[in-house]
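This report concerns only the one structure given below.
Protein chains in written order, with this note's numbering: chain P, 649 to 983; chain X, 649 to 983.
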C-alpha cells in the first residue's frame, strides 16, 4: 500500500510508493565526465573572476588579495542572476507587480584543489566553507535592500552544476522566497499552538524513534525527513534551538563540518557520483532570533525526475521510504 | 537589468534574467531515440494493460471492449502511484500525519498510432482526448474519497515520459494538492477584494496589451504568463468565466482542441522535439462552480534545469522574457 505523508513544516504531502521501492543501486547515475581544459576557479586564474569579496588564507602562506594561498574564496558570479547596483523601483503594470532584479550572486570556491569535492573536504577545511557562508550572510545583512540570503550548492551536472571545480553559491534577494515564507508560516503556527519550536519537537521525536536518524554528534543531527521529496533526502539540524545560522561560533562550525561531511560521505557510499543539491534555510535577515524557526540544511539528491504531476501539484512521488534510506545510509560506511 | 516578477495568482516571484536572454535555438534539445520493440499501448496489445475504463471508438468501426477500433483509450496505470482499493485510514504518528495512498492513476492513450504525437492530432481527434479528461473527472468525482483529479502529460524523456506512445495521465487524490490550494487562495483573496475573477482580469489585460498573446479563437486564448517559470511557458484559458473544465460542451472542446493544437505546433516549430509537461488546473471536485476560480492548462517546456536555488527558494530563474517568447511563438508558423 502506498502511503501519503505530510511534511509537518510546509504542509506539503508526498507519496511514498513502497511498491516501487528501490535499492541504492537501482538509481542510475551518469558517470561524470572530466571536462579538462581551463578552470577559472583554480589558483593562478584569480584574474578571470571578479575581485574576491572574502577569503580564508592558509596559515603557512601569507599571500594576500587575489593571489594564491587561499583555502576558500568568495567572488561575485561573473554571470549573475541578480545585480548589485541600482534601486528596486517597485512598480505595478496593470494588475501585475514587478521590480528591478537587485541582489547579490556570489560563488564560494570551496577548495584550491580542482579535484577535491565538498564531501571529501576534511572537517578543518570544510569549516572554512561554512564560515564563508556565515561571514557573507552577515555582510550582506547590512544592505537594507535585501531580505534574505539563500546559500545553495549544485553538485554534479544533473543537479545543475556548470563548473566542475567544487563551489557553492549564494543569492541575496530583495524579497523573502516563497519556500521560506511557507516554512516560517508553518513553524509559526505550530509555535503559537504549542509554545514549542516545531523543529525541536521533530528532533526530540526522531531521537526517540531512532528510525530516520542517519548520524549525529554532540551538537548536530542528520535525519531523513518523514516526508522526503526524493530518495535519500537528508536534513542537518543543530540539536539545540538556534534560529540563525549566523549565531554559530567557529567551534560549532567545526562540529557541523564533521557531521555534514559524514552525511555526504554516507550518501556517496550508497550512490557513487550522486548528483545533489543542498540549501541552507535560516531565519530572514535582521530577524534577531525567533523562537519558532530553527536553521537547517536540506540535502536533496537528484535521483528522480520532476514531471507533469509534480509541476502541477507540488506533490512528490518518492519510491524510497525514508526509514529504508536511513538504514542504507547508516550501514553505508561499514566495511 | 534583470527583473523580478510576481505571479498574480500564486504570489510566486521569478527572475527574468534578460542579460542571459536567448533565442529558441540556444536551448539544447536531446534528439528522441526511437525505442522500437514492443509497445503495450498499441492496438492489438490491449491485453497487456488493465481493462479499459473509457474509450472513444471510431465511427466507421463498431468494435467493442478491449478490442481494436478505438481512437482514445483510458486504462488504469499498471504501476500506479496510488491504489484504488481501501480506505484512507488517516493516522497521526507523534507529530506527523499520514494516510493510506488511496487514489486512481490512469493512462489516457491519445491515439492508436504509435508515431502520432499529441501536437500532431487533428482537432477532431484531439477533441476525443479532451473529452476523455472530462468524462474521467466526472466519473471519479462520484468517489467521495477523492478531492481532486490532476490531469497531466509528460512529453519527451527529459519531461519524464517513460513510454514513447503518446499518452497523458491522471491521478485522483484524497487531498487537495498544495499548488491548487495556493491558486485557490490567491484567486479567492483577489475576488474578495475586487469582486472580479482574477483570471478574467488577466485575460482582459492581456488582450488589451497584446504583447503576451500567442494565439486565440472565439472561445479560447493562449498567453505566455507574466511571470513564467520556464522559457515558452504557456497558459490556455477559456475567454469567458468557467470554473470547471467539466462544464464544457463537446463543441467547446472542439474549439479548445483547435487552439491547444495550434499552441503546441507553434512551440514545436520554435523548438523541434521540445520536451514539455502540461497540467490541467480546474476547481476541486464537487465545488459546484466557484466565481473566483477559472480553469486553465499550463504548458511547461522542459528547457532549464531545476537546481539548488529553485529547490531551496521556490523561485525560478528564466532567461527568456515572456514578451519575447510570445513574439517567437507568434512568428513561428510563418513561412
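The beta carbon of each residue, even a glycine, is placed where N, CA and C say it ideally should be.
Closest option to residue 743(P), judged by alpha-carbon separation, among 852(X), 671(X), 806(X), 762(X): 852(X). Counting only residues of its own chain and dropping the five nearest sequence neighbours on each side, residue 788(P) has a CB closer than 7 Å to the CB of 752, 794, 797, 820. In this structure, DSSP gives residue 893(X) a helical state, which the three-state scheme calls helix. Between the segment 957-965 of chain X and the segment 913-920 of chain X there are fewer than three inter-stretch CB-CB distances shorter than 8 Å, so the stretches are not counted as touching.
A distance below 6 Å between beta-carbons, with the five flanking residues on each side excluded, links residue 767(X) to the following residues of its chain, in chain order: 912, 913, 916. Within the segment 823-873 of chain P, the alpha helix (DSSP H) runs of at least 4 residues that lie entirely inside it are, in chain order, 826-842, 846-857.
Put simply, the segment 944-951 of chain P touches the segment 873-882 of chain P. At least three CB pairs are less than 8 Å apart. In the structure shown, residue 817(X) adopts extended strand secondary structure according to DSSP, grouped into three states. Residue 740(X) and residue 746(X) have their C-alpha atoms roughly 6 Å apart. Residue 849(X) belongs to the set of residues whose beta carbon lies under 9 Å from a beta carbon in chain P.
In the DSSP annotation of this structure, the continuous segment of the alpha helix (DSSP H) that includes residue 908(P) starts and ends at 898-918.
Considered as a whole, the segment 742-777 of chain X harbours 744-748, 752-757 as its complete beta strand (DSSP E) runs of no fewer than 3 residues, in chain order. Note that the C-beta distance between residue 896(X) and residue 942(X) is not below 9 Å. Under a criterion of Cβ atoms nearer than 8 Å, the residues of chain P adjacent to residue 823(X) are, in order, 652, 661. Measuring C-alpha to C-alpha distances from residue 671(X) to each of 684(X), 925(X), 918(X) identifies 918(X) as the nearest.
DSSP places residue 963(X) in no alpha helix (DSSP H); its state is neither H nor E. Proximity of chain X to residue 929(P) at the Cβ level (cut-off 9 Å) is accounted for by 960, in chain order. Interface annotation for the segment 765-789 of chain P against chain X: empty, criterion Cβ-Cβ distance under 8 Å. Counting C-beta pairs closer than 8 Å gives fewer than three between the segment 928-940 of chain P and the segment 762-782 of chain X, which falls short of the contact rule.
In terms of beta-carbon proximity, residue 795(X) stays away from the interface with chain P, with every pair separated by 9 Å or more. The straight-line gap separating the alpha-carbon atoms of residue 661(X) and residue 725(P) is approximately 21 Å.
A straight-line Cα-Cα distance of about 24 Å links residue 705(P) and residue 790(P). Proximity of residue 857(X) to chain P, defined by a Cβ-Cβ separation below 9 Å, is satisfied. At least one CB atom of chain P sits nearer than 9 Å to the CB of residue 749(X).
Distance from the CA atom of residue 764(X) to the CA atom of residue 775(X), rounded to whole angstroms, is 15 Å. Spatial neighbours of residue 862(X) in its own chain (CB-CB distance under 8 Å, excluding positions within 5 residues in sequence) are listed in chain order as 870, 871, 872, 882, 911, 914, 974, 977, 978. Excluding residues up to 5 positions away in sequence, 722, 780, 783, 784 lie with their Cβ nearer than 7 Å to the Cβ of residue 702(P) in the same chain. Distance from the CA of residue 972(P) to the CA of residue 956(P), rounded to the nearest whole angstrom, comes to 27 Å. At a Cβ-Cβ threshold of 9 Å, residue 755(P) and residue 718(P) do not count as neighbours. Residue 689(P) and residue 697(P) have their C-alpha atoms some 8 Å from each other. When 7 Å is used as the limit between beta carbons, residue 874(P) is near these residues of chain X: 744, in chain order. At a Cβ-Cβ threshold of 9 Å, residue 868(X) and residue 887(X) count as neighbours.
In the three-state reduction of the DSSP assignment, residue 957(P) falls in the helix class, which pools H, G and I. For residue 976(P), the uninterrupted alpha helix (DSSP H) run begins and ends at 970-979, by DSSP.
Between residue 666(P) and the set 657(P), 810(P), 651(P), 658(P), the nearest pair of CA atoms involves 651(P).
Residue 654(X) sits in a strand when the DSSP states are folded into three classes.
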